[in-house]
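Numbering (mature numbering (1 follows the signal peptide of the UniProt record, and there is no 0)), first residue to last: -26 to -1, 1 to 138.
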């Protein structure tokens, strides 16, 4: 028997497997669902932010780019909070003590829900961190950013959502 048919079958299976695993589930356009305990033991539910624009940001203490975006997120939270912006973190697969230390050192002022096993992040389609999502006032995910949040994104996309 020739190896050619076997190689063709293996190639087709590899393509099918790769396409099935090739990216995060699409969460844009879906109603945001997220709840849990934060690093201080307080309960948070994104449903409690109804009527506000929310940036959900996924981070970990071992993620250097996550540290870089903290000043941008805290500044946005302070500057646009009066207009209805909230920031809600998801602490991804992290040690609680390391996460609390990181949050204190980095100056994180927003609550961060603990996601020890990564299930909450996976539900949001996270494939790498930092990753952030923009949720509109109706609770629908309207944008996703893979990588570090920038002031330009805040000034354009977030402000646009706040004005609606």
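In this text, a Cβ means the ideal position worked out from N, Cα and C, and glycines have one as well.
Taken atom to atom, the span from the alpha-carbon of residue 93 to that of residue 57 is near 31 Å.
Under the three-state reduction of DSSP output, residue 25 falls in the coil class, being neither helix nor strand. Assignment of alpha helix (DSSP H) within the segment 57 to 116, counting only whole runs of 4 or more residues, yields 70 to 80, 93 to 97 in chain order. Taking C-beta separations shorter than 8 Å and ignoring five residues to either side along the sequence, the partners of residue 91 in its chain run 67, following chain order.
In this structure residue 65 touches residue 34 by the C-beta definition: roughly 7 Å separates them, less than 8 Å. Sixteen is the threshold: since fewer than 16 other Cβ atoms of the shown chains lie within 10 Å of the Cβ of residue 39, the residue is exposed. The distance from the Cβ of residue 85 to that of residue 55 is about 13 Å, inconsistent with a contact at the 8 Å cut-off. By the Cβ criterion, the segment 73 to 82 is not in contact with the segment 93 to 107, since fewer than three pairs of Cβ atoms, one from each stretch, lie closer than 8 Å.
Judged by beta-carbon spacing, residue 27 lies beyond the 8 Å limit of residue 118, meaning their Cβ atoms are not closer than that value.
Excluding residues up to 5 positions away in sequence, 119 lie with their Cβ nearer than 8 Å to the Cβ of residue 127 in the same chain.
Taking 8 Å as the cut-off, the Cβ atoms of residue 87 and residue 18 count as close. Residue 1 and residue 8 have their C-alpha atoms some 13 Å from each other. Shown here, residue 1 sits in coil according to DSSP, grouped into three states, outside any helix or strand. Setting aside the 5 residues that flank it on each side, residue 105 is surrounded in the same chain by 32, 120, each with a C-beta closer than 6 Å to its C-beta; the list follows chain order.
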